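From first to last, the protein sequence lines are chains C and X. Under numbering that gives the first Met the number 0, read the first sequence as residues 0 to 517, first letter to last. Under numbering that gives the first Met the number 0, read the second sequence as residues 0 to 517, first letter to last. The C-beta atom is built at its ideal place from N, Cα and C for all residues, glycine as well. Note that the coordinates shown come from a computational prediction; the quantities given were computed from them, not determined experimentally. Report on the structure given below.
Number of protein chains: 2
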Amino acid sequence: MSATKMNGAESLVRTLIDGGIEVCFTNPGTSEMHFCAALDRVPGLRCVLGLFEGVVTGAADGYGRMRDFPSATLLHTGPGLGNGLANLHNARKARSPVVNIVGEHATYHIRHDAPLTSDIEGIAAPVSDWVKTSRNAEEVSRDGAQAIAEARKTPGRIATLILPADTAWNEASSGATVPSVPNPETVNSNALDECVRVLRSGEPVMLLLGNKGLRAGALEWAGRIAKHSGAVLHSESSAARTERGAGRVGVTRIPYVVDQALEVTRPFKHLILAGAKAPVAFFAYPGKPSLLMPEECRIHKLVGPEHDIEDGLRQLAEAVGAKNIEPERQELRRPEPIRGALTRDAIGASIGNLLPENAVVCDESITAGRNFHTFTSGCPPHDWLYGTGGAIGRVLPEATGAAVACPDRKILCLSGDGSAMYTLQSLWTQAREKLDVTTVIFANRSYAILHGELLNVGAVPGLNTRTMFDLENPSLDWVQMANGMGVEAAMADTAETFHRALEKGLNSKGPFLIEARI
Amino acid sequence: MSATKMNGAESLVRTLIDGGIEVCFTNPGTSEMHFCAALDRVPGLRCVLGLFEGVVTGAADGYGRMRDFPSATLLHTGPGLGNGLANLHNARKARSPVVNIVGEHATYHIRHDAPLTSDIEGIAAPVSDWVKTSRNAEEVSRDGAQAIAEARKTPGRIATLILPADTAWNEASSGATVPSVPNPETVNSNALDECVRVLRSGEPVMLLLGNKGLRAGALEWAGRIAKHSGAVLHSESSAARTERGAGRVGVTRIPYVVDQALEVTRPFKHLILAGAKAPVAFFAYPGKPSLLMPEECRIHKLVGPEHDIEDGLRQLAEAVGAKNIEPERQELRRPEPIRGALTRDAIGASIGNLLPENAVVCDESITAGRNFHTFTSGCPPHDWLYGTGGAIGRVLPEATGAAVACPDRKILCLSGDGSAMYTLQSLWTQAREKLDVTTVIFANRSYAILHGELLNVGAVPGLNTRTMFDLENPSLDWVQMANGMGVEAAMADTAETFHRALEKGLNSKGPFLIEARI
């Protein structure tokens with residue numbers, strides 16, 4: 000290769016770097032070897048290895064949520080992509096921007112049906128907003144530029160570029176420039192007028208916020224509207240990232256449990272949507288509705304995730320004359336620690352007592368954490384990341400990616416033990432990259448949520464359901480597993496030992512894990 | 000529900016049991032709750048929990064390989080299936096019979112796009128030979144019966160039945176009977192005549208065996224043909240299960256490395272295929288061929304995996320007059336242990352020295368194990384399972400499933416450290432089910448194969464490739480990780496300590512892990 004020539008892989012790496020991609024979460028294989036070599040030759044992309052692709056894609060989700068900008072993933076053919084599928088599902092439902100690069104056999108090799116040959120486009124399609132297989136080395140850089148642009152479209156999308164090995168190793172001329180990314184849509188004037196009328200109707204209104212409507216700026220405008228009109232603010236359940244805490248406009252989520260959600264929505268005649276969709280049950284249950292709102296409640300969409308949500312709320316605030324209203328803000332208020340048994344409330348109180356300013360909380364605590372929001376709403380400003388796609392095994396990878404995205408912020412990762420086992424390999428990446436993540440594992444030693452669901456269907460646990468729902472026999476020892484991956488860890492089985500362990504984790508740098516035996 | 004009535008879930012469980020399904024490898028969620036309850040109510044299916052779906056589907060592959068009969072998996076919606084995708088890819092390439100049951104939202108709930116809503120059929124299609132979504136509770140049992148029949152078609156197929164929650168909870172009338180499964184095809188007489196002519200031509204012939212052509216009975220016939228005609232026997236590289244050892248007709252695999260494979264196939268003018276396909280490079284490389292045989296070599300397909308392979312070989316043996324020939328058989332011969340450093344050869348020698356009769360070896364040793372076959376060919380009769388689909392993370396689950404399938408046989412699981420990290424949750428299932436698996440982890444602390452591949456493309460490791468290919472910093476402690484999941488473990492860093500550890504594992508019951516520091 001002469002100095003002015005490069006191969007397709009190098010043209011793609013240059014394109015990614017020129018396009019602003021800083022990090023590549025990766026687990027490569029032989030098909031990606033020329034791309035790997037190019038990552039050495041062209042400096043500028045930080046490679047972060049995950050020892051399983053679910054870690055890789057979940058980290059890209061966490062990174063995208065925190066940066067509002069894509070990272071790249073590097074995945075090995077269809078099975079590597081398959082391993083990352085669940086967390087790409089979560090990322091897509093979170094509207095996180097991600098650029099996947101998936102290695103494929105050389106174009107001429109595919110027809111021979113080698114062991115790793117698979118329908119990569121078919122595997123990618125259900126979790127991607129955009130999929131393309133590069134046809135030759137000359138087109139790779141343009142395809143890569145297009146992938147970045149697609150990922151960056153509002154609100155954030157999953158773009159998957161499939162890279163046959165020969166398009167990486169053949170000669171190419173140069174990198175490509177990322178096409179301009181369209182601005183988000185602005186609020187439709189009819190929608191705006193309709194929402195103004197609703198707010199002035201005197202009837203009870205819920206303003207349901209989602210997506211970037213849960214960032215501090217948007218919440219300010221929503222708070223003004225609420226204060227002025229009497230509308231009640233709520234957050235969608237599947238909130239990808241909420242900026243909350245003292246000084247900010249607070250908002251509570253629609254509950255997960257169907258009957259509780261129906262209770263919350265019952266008083267309202269109108270539902271204004273700003274970045275959210277109308278609340279839907281996580282699962283269907285016999286005899287219960289799918290839509291979690293009164294039948295007579297009318298839905299008015301102000302803006303969706305594809306819009307500039309903050310601007311839409313600002314326009315609505317101005318239109319109803321709330322521009323200069325001072326919204327209700329959350330006061331600074333931390334709970335005192337609770338002593339004695341290690342209850343869910345004791346854990347919540349310790350988190351509320353200790354959470355550092357500017358922390359990022361990645362929450363997959365499932366049953367254990369349903370009340371943590373009440374203990375933490377008055378903490379100094381912080382971000383809270385919830386599940387969006389319902390696929391468990393999200394949060395250890397997400398915390399890993401959030402820590403890469405925000406090296407100066409403390410990441411608090413809250414996970415059920417069942418969920419954490421899905422992608423425990425994340426701990427090794429946290430150790431290697433010295434990421435500032437404190438992980439709390441809620442070791443209830445069961446898929447506790449399923450025990451509740453079994454009761455819901457009127458059954459009592461028998462041999463097979465106990466086998467399937469309990470994580471006992473043997474018990475998992477999280478301290479040993481974390482140590483085995485190079486992460487310091489502690490076990491806590493009282494409120495006091497938990498509080499001290501959490502204090503240690505939050506007040507020191509680097510990864511730390513607490514097995515909370517609840 | 001009256002005594003004569005049942006719901007769809009119960010009708011499906013009854014159908015599975017009546018259809019001969021004995022084991023359900025499972026990781027369920029809320030959508031599958033009625034199915035779970037039915038598994039309690041109707042006794043007869045053994046549920047084996049995996050703490051990640053890659054364990055579940057890989058175990059089903061191992062079970063199917065050993066039983067030639069399907070188990071069921073129970074997976075939670077699209078993401079749960081996605082987590083199991085890579086090992087379903089492997090299972091499909093192994094032609095293992097598997098019946099997947101994938102829970103889905105209630106039919107009327109899907110349109111609401113709840114968090115877990117996904118294109119399950121789309122996710123299933125690339126790794127399934129048959130996919131169906133049940134439409135209502137009445138049809139569930141018939142669909143389940145069809146799924147079993149589809150999975151059982153020769154040589155073994157992946158059947159995926161998607162079970163919307165309301166088809167499980169609504170009322171159904173009864174279970175269904177599995178349709179008759181067609182017999183495998185018999186050898187085509189023209190193909191037979193052609194192969195007879197080739198064997199009598201006096202030109203050099205390779206008889207390439209694959210799939211059930213690698214079982215002892217088929218190998219007997221192949222050995223007679225070889226002895227009589229001078230044809231040379233080889234096995235496909237991706238051999239799902241080979242019955243080998245003392246007293247059997249031995250067969251060596253086509254090597255993984257392209258140049259070595261070309262060297263093996265170079266002398267031959269004819270290639271007769273019996274259950275295998277013509278050898279193909281695992282990956283393409285610039286300037287190297289995809290098909291690993293001389294251009295002038297002619298291919299003759301005697302039988303494919305869809306045929307009765309043993310019968311095809313028998314007919315060929317009879318047609319060439321080799322029916323009563325005594326084939327070359329492998330002599331009983333064990334190597335002596337090697338002392339000193341823990342080399343690959345020392346490990347191979349210890350395995351060859353100690354492997355128990357009737358053992359099942361699940362091999363994903365990748366670079367470390369390329370010579371193990373020479374050390375073990377003269378061991379007492381045993382089975383050897385290789386990778387078929389190239390997706391790593393196969394073998395700990397496979398060993399788990401093989402142990403469930405064959406409780407009276409010792410399972411020896413050989414895994415690279417990189418591969419083992421993919422599905423290490425398998426160890427917990429082995430501990431819980433007290434499975435008789437000895438696992439050897441080759442702790443070379445790198446994706447060693449990728450270092451070789453990087454050299455192949457003429458690059459030297461830089462910062463990013465070292466980051467991506469090395470598993471150092473921190474090192475993984477397999478003893479701690481195994482202990483954390485309830486599995487006894489030992490570290491070995493000399494030939495002597497390895498030998499003693501292997502002896503301990505193979506001579507005691509239950510799971511045991513050895514971290515072999517090579």
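Under 9 Å between C-beta atoms, does C/Gln424 make it to chain X? yes
Any chance you could list the alpha helix (DSSP H) runs of at least 4 consecutive residues sitting entirely within the region 259-334 of chain C, in chain order? 308-318
Would you decide whether C/Gly286 is buried or exposed? Buried here means 16 or more other CB atoms lie within 10 Å of its CB. With a threshold of 16 other beta carbon atoms within 10 Å, C/Gly286 falls short and is exposed.
Whole-angstrom Cβ separation of C/Gly122 and X/Pro78, contact assumed at under 8 Å? Here the sequence assigns Ile to residue 122 of chain C, which means Gly is not the residue at that position. 13 Å between Cβ atoms; not a contact.
Can you tell me whether X/Val139 is buried or exposed? The criterion is at least 16 other CB atoms within 10 Å of its CB, across all chains shown. buried
Same chain, Cβ closer than 6 Å to X/Pro183, neighbours up to 5 away in sequence not counted: Thr153, His306, Asp307
Taking beta-carbon pairs under 8 Å, can you tell me which members of the region 270-300 of chain C lie near chain X? Lys276, Val279, Ala280, Phe281, Phe282, Ala283, Pro285, Ser289, Leu290
DSSP-derived helix/strand/coil call for C/Cys194: In the three-state DSSP reduction, C/Cys194 falls in the helix class (H, G or I).
Buried versus exposed call for X/Thr56 [16 or more other C-beta atoms within 10 Å across all chains shown]: buried
Could you please give the first and the last residue of the uninterrupted beta strand (DSSP E) stretch that includes X/Val233? Inspection of the sequence shows that residue 233 of chain X is occupied by His rather than by Val. For X/His233, the enclosing beta strand (DSSP E) stretches over residues 231-234.
Going by DSSP in three states, C/Glu31 sits in which element: helix, strand or coil? helix
Go to C/Thr25, then tell me how far its beta strand (DSSP E) extends in each direction, as first and last residue. Where C/Thr25 is concerned, the enclosing beta strand (DSSP E) stretches over 22-26.
At least 3 beta-carbon pairs within less than 8 Å: the region 91-107 of chain C vs the region 141-159 of chain X: As far as the Cβ criterion goes, the region 91-107 of chain C does not touch the region 141-159 of chain X, which means the pair count is below three.
Closer than 8 Å by C-beta to C/Met0: which residues in its own chain qualify, once you throw out the five before and the five after it? Chain order, please. Note that C/Met0 has pLDDT 38, beneath the 50 cutoff, so the model's placement of it is unreliable and no number is given.
Quick check: the Cα distance between C/Ser70 and C/Leu44, rounded to an integer number of angstroms? Their Cα atoms are separated by approximately 10 Å.
Could you please give me the residues that DSSP links to X/Ser70 through a beta bridge? X/Val97
Taking 9 Å as the cut-off, decide whether the C-beta atoms of C/Gln424 and C/Val54 are in contact. For C/Gln424 and C/Val54, yes; Cβs fall inside 9 Å.
Delimiting residues of the beta strand (DSSP E) encompassing C/Ile410: 410-415
Is it the case that the Cβ atoms of C/Val47 and C/Phe68 are separated by a distance below 9 Å? no
Contact between the region 322-333 of chain C and the region 238-251 of chain C: three or more CB pairs below 8 Å? Under the 8 Å Cβ criterion, the region 322-333 of chain C counts as touching the region 238-251 of chain C, having at least three qualifying pairs.
So, for X/Leu413: in the same chain, excluding its five sequence neighbours on each side, which residues have a beta-carbon less than 6 Å away from its beta-carbon? Asp362, Ser364, Gly368, Val439
Assuming the contact rule is C-beta atoms closer than 8 Å, C/Arg343 and C/Glu495 should be a hit. Round their C-beta distance to whole Å, please. So it is not a contact: roughly 16 Å between Cβ atoms.
Which residue's Cα is closest to the Cα of X/Ser30: C/Glu514, C/Pro278, C/Glu452? Shortest Cα-Cα distance from X/Ser30 to any of C/Glu514, C/Pro278, C/Glu452 involves C/Glu452.
Would you say X/Gln479 faces chain C, with C-beta separation under 9 Å as the test? yes
Using the beta-carbon of each residue, which ones in chain C are nearer than 8 Å to X/Trp168? Near X/Trp168 (Cβ distances below 8 Å), the residues of chain C are Pro285, Val456.
Determine, for X/Cys361, whether the minimum Cβ-Cβ distance to residues of chain C falls below 9 Å. no
When the Cα atoms are used, what is the spatial distance from C/Ala2 to C/Val41? Reliability fails at C/Ala2, whose pLDDT of 43 lies under 50, so the model's placement of it is uncertain and the value that follows must be treated cautiously. C-alpha separation (whole angstroms): 13 Å.
Please check if any C-beta of chain X sits within less than 9 Å of the C-beta of C/Val492. The identity of residue 492 of chain C in the sequence shown is Asp, whereas the question assumes Val. Cβ-Cβ to chain X under 9 Å: no for C/Asp492.
Check whether C/Gly28 and C/Gly102 have beta carbons under 9 Å apart: yes
How is X/Pro114 classed by DSSP in three states: helix, strand or coil? coil
By Cβ distance below 6 Å, which residues in the same chain neighbour C/Thr366 in space, the five residues on each side in sequence not counted? Spatial neighbours of C/Thr366 in its own chain (CB-CB distance under 6 Å, excluding positions within 5 residues in sequence) are listed in chain order as Ala447, Ile448.
Give a yes or no on whether 9 Å exceeds the smallest Cβ distance from X/Lys131 to chain C. no
Who are the near neighbours of C/Ala500 in its chain, counting only those whose CB is closer than 6 Å to its CB and skipping five residues on each side? Closer than 6 Å at Cβ, skipping near neighbours: Ala489, Ala491, Ile513.
Where does the unbroken alpha helix (DSSP H) through X/Asp128 begin, and where does it stop? Where X/Asp128 is concerned, there is no enclosing alpha helix (DSSP H), given that its DSSP letter is neither H nor E.
Going by the beta-carbon positions, is the gap between X/Ile253 and X/Ser234 smaller than 9 Å? yes
Using beta-carbon positions only, say whether C/Asn210 and C/Gly249 come within less than 9 Å of one another. no
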